[in-house]
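Inspection log for the structure reproduced underneath, given as C-alpha cells.
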Amino acid sequence: MSSETAVVRLPVIDFSKHELKPGSPEWDSVKLQVRQALEGYGCFQATLDQVLDLRKPVLGALEQLFDLPLQTKQLYVSDKPFRGYYGVASGVGQESMVIDDAKIVQNIQPGLTNTLWPQGNVSFSKSLVSFIELASVLEKKVRRMILEIFGVEKYADEFIDSTNYLLKVMKYEGSGTSEPSLRAHSDQNLTTILYPNKVDGLEIQNKDGEWMSVKLSPNSFIVMIGESLSVWLNGRLSPPYHRVVTKGNEVRYSIGLFAIARGGYQVKVPEELVDATNGLLFKPFDYEEFLRLHSTKVARGALLGFGLKSYCSV
Ligand SMILES: O=C(O)CCC(=O)C(=O)O
Ligand SMILES: [Fe+2]
Numbered sequence: 001m002s003s004e005t006a007v008v009r010l011p012v013i014d015f016s017k018h019e020l021k022p023g024s025p026e027w028d029s030v031k032l033q034v035r036q037a038l039e040g041y042g043c044f045q046a047t048l049d050q051v052l053d054l055r056k057p058v059l060g061a062l063e064q065l066f067d068l069p070l071q072t073k074q075l076y077v078s079d080k081p082f083r084g085y086y087g088v089a090s091g092v093g094q095e096s097m098v099i100d101d102a103k104i105v106q107n108i109q110p111g112l113t114n115t116l117w118p119q120g121n122v123s124f125s126k127s128l129v130s131f132i133e134l135a136s137v138l139e140k141k142v143r144r145m146i147l148e149i150f151g152v153e154k155y156a157d158e159f160i161d162s163t164n165y166l167l168k169v170m171k172y173e174g175s176g177t178s179e180p181s182l183r184a185h186s187d188q189n190l191t192t193i194l195y196p197n198k199v200d201g202l203e204i205q206n207k208d209g210e211w212m213s214v215k216l217s218p219n220s221f222i223v224m225i226g227e228s229l230s231v232w233l234n235g236r237l238s239p240p241y242h243r244v245v246t247k248g249n250e251v252r253y254s255i256g257l258f259a260i261a262r263g264g265y266q267v268k269v270p271e272e273l274v275d276a277t278n279g280l281l282f283k284p285f286d287y288e289e290f291l292r293l294h295s296t297k298v299a300r301g302a303l304l305g306f307g308l309k310s311y312c313s314v
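According to the UniProt record's numbering, the sequence shown is numbered sequentially starting from 1.
Pasting the structure below:
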C-alpha cells in the first residue's frame, strides 16, 4: 500500500447568509448542495464568517486546558459513560475530554471551568460557549435540511429538541509517523461539527477505500453525519469512515460538537422511509442505553465505533 495520501478539499458550502431561513431560495440552494455533498462524502465544510474570529480564542482555550497538570484534568470525573477526561490511552498520543449536555451554559461555567480553575476563567468559558452556540445553530440547520431532503420534515422539531450536545476537546501530540493518532472509525452519534485547529491531519476514506487528507479552509467547520442519523434515515445516507494522522511534530488541537439522541428518545425510522423497495433495516433504540452497554469501550475510545448498526439491525 502506498504511504502517499491524496489531498481532498471537501465540498465547501456557504452558511453565512443571514437570510438562511427555511423556505427561502437561499435555503433551498444550500440544501441542494448539502444533499450532493452528503451523498458523495457523508461530510462537507461549512463556511461561516464568525469562524475566523473563533480561531484564536478557541485555540487559546484548548492550550490552557491541556497544559493543566494531569491531576487537575482528572478532577473532571465521569459519572456518565460519555463524560470525563480521557488520558493518552484513548488513542496514540491523543488526550481528550468530553462534556455532557454542553448546550446548558452552567455545564461549562461553573461546571467544567470551575472544576479546572476554582477561581474562574472567563475567557476560557466564553470561548467554549461561543463555539457551542455557533456549531449547534449550524447543526440544527443541517439536520432540518436533511429531513426536508427526505420529505420527513414534520419530525424536525421533535427530533432536534431531543438532542444532547456533547462537547469533545482533543489534543494530539505530533507522532512524526504515518500511524493514525485516532484510529479509523465512523461516528456513532447523529451529526458531528468539527473544528480542527490549523494543523491538518483528518483523513476520510472515499468510496474506493482510499484514504484522502482533508485540506481545511480556515473559516470553516467540518460537518459529518454519524451512524445514528443513518439508522434514523433507514440507511439513506452513510457516515464517512475517518481517522486522524499527525505526521509532523506539531501539536494538533481540535474541538467537536457531537449531537446525540437524548436518553429516553427512541431513535426510530419514520414510517415514510419504509416501503416495498426500502424494507425496514433497523429496530428502534435508545442511544444512551447503547452507550451504557458499551461503556467500557466508550471509556477507552470516547465516541468511536462499536457497531451501532449491528446492535439495532432488524
Ligand atoms: O480531531 C479530529 O479532527 C477528529 C476527531 C474525531 O473524529 C472524533 O473524535 O470522532
Ligand atoms: Fe470521528
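Just so you know, even glycine gets a beta-carbon here, dropped at the ideal spot from N, CA and C.
Predicted model, so just to flag it, every value in this text is computed and none were measured.
Item	Value
Under 6 angstroms, CB to nearest heavy atom of ligand 1: contacting residues	Lys168, Met170, Leu182, Asp187, Leu194, Pro196, Leu202, His242, Val244, Ser254, Gly256, Leu303
Lys168 classed as buried or exposed, judged by whether at least 16 other C-beta atoms fall within 10 angstroms	buried
Ala261 versus Arg143, Tyr41, Thr72, residue with shortest Cα-Cα distance	Arg143
Under the three-state DSSP convention, the category Trp211 falls into	strand
His294: CB within 7 angstroms of a non-hydrogen atom of ligand 2	no
Where Ser220 falls: helix, strand or coil (DSSP)	strand
Opposing strand residues paired with Tyr195 [DSSP bridges]	Ile255
Backbone CA spacing between Val129 and Gly60 [nearest angstrom]	14 angstroms
Rounded straight-line distance, which links the Cα of Ala276 to that of Ile99	42 angstroms
Paired residues, beta bridge with Asp161 - DSSP	Looking at the DSSP assignment, Asp161 forms no beta bridge with any residue, so it has no partner.
From Val105, Glu148, Ala135, residue whose alpha carbon lies closest to that of Gly23	Glu148
Sequence-distant residues of the same chain with beta carbon closer than 7 angstroms to Trp211, five excluded per side	Thr5, Glu203, Gln205
Neighbourhood of Ile160 by C-beta, 8 angstroms cutoff - its chain only, sequence neighbours within 5 removed	Lys140, Arg143, Arg144
Cβ neighbours of Val8 in the same chain (closer than 8 angstroms, five flanking residues each side left out)	Ile204, Asn206, Met212, Ser213, Val214, Lys215
Residue burial classification, His18 (beta-carbon count within 10 angstroms, cutoff 16)	exposed
Residues bridged to Tyr85 (per DSSP)	Met97
Segment contact, 8 angstroms Cβ cut-off, at least three pairs: the region 225 to 240 with the region 185 to 197	yes
Bridge partners - Val7, DSSP secondary structure assignment	Ser213
Glu250 (DSSP reduced to helix, strand or coil)	coil
Alpha-carbon spacing of Leu194 relative to Gly279, whole angstroms	33 angstroms
Beta-carbon contacts of Ser2 that lie in its chain and below 7 angstroms, excluding the five residues immediately before and after	Here Ser2 scores only 48 on pLDDT, less than 50, and its place in the model is too uncertain to base an answer on.
Lys309 versus Ile225: straight-line alpha-carbon distance, rounded	14 angstroms
Exposed unless 16 or more other CB atoms sit within 10 angstroms - verdict on Ile255	buried
Spatial neighbours of Ser313 in its chain, beta-carbon cut-off 8 angstroms, leaving aside the 5 residues before and after	Leu281, Phe282, Lys283
Reduced DSSP category for Met274 - H, G, I as helix; E, B as strand; rest coil	According to the sequence displayed, residue 274 carries Val and not Met. Coil, per DSSP.
For Pro196 and Val58, the rounded distance between their alpha carbons	10 angstroms
Inter-residue Cα distance where the pair is Arg300 and His294	For Arg300, the predicted structure reports a pLDDT of 49, less than 50, and the residue's modelled location is therefore unreliable. A value from the coordinates is still provided. Whole-angstrom Cα-Cα distance: 10 angstroms.
Sub-8 angstroms separation of Gly176 and Asn249 beta-carbons	yes
Buried versus exposed, by CB contacts within 10 Å (16 or more), residue 316	No information on residue 316 is available, as it lies outside the stretch 1 to 314 that the chain covers here.
Residue closest to Ser96, alpha-carbon to alpha-carbon, out of Val231, Ile108, Lys21, Phe66	Phe66
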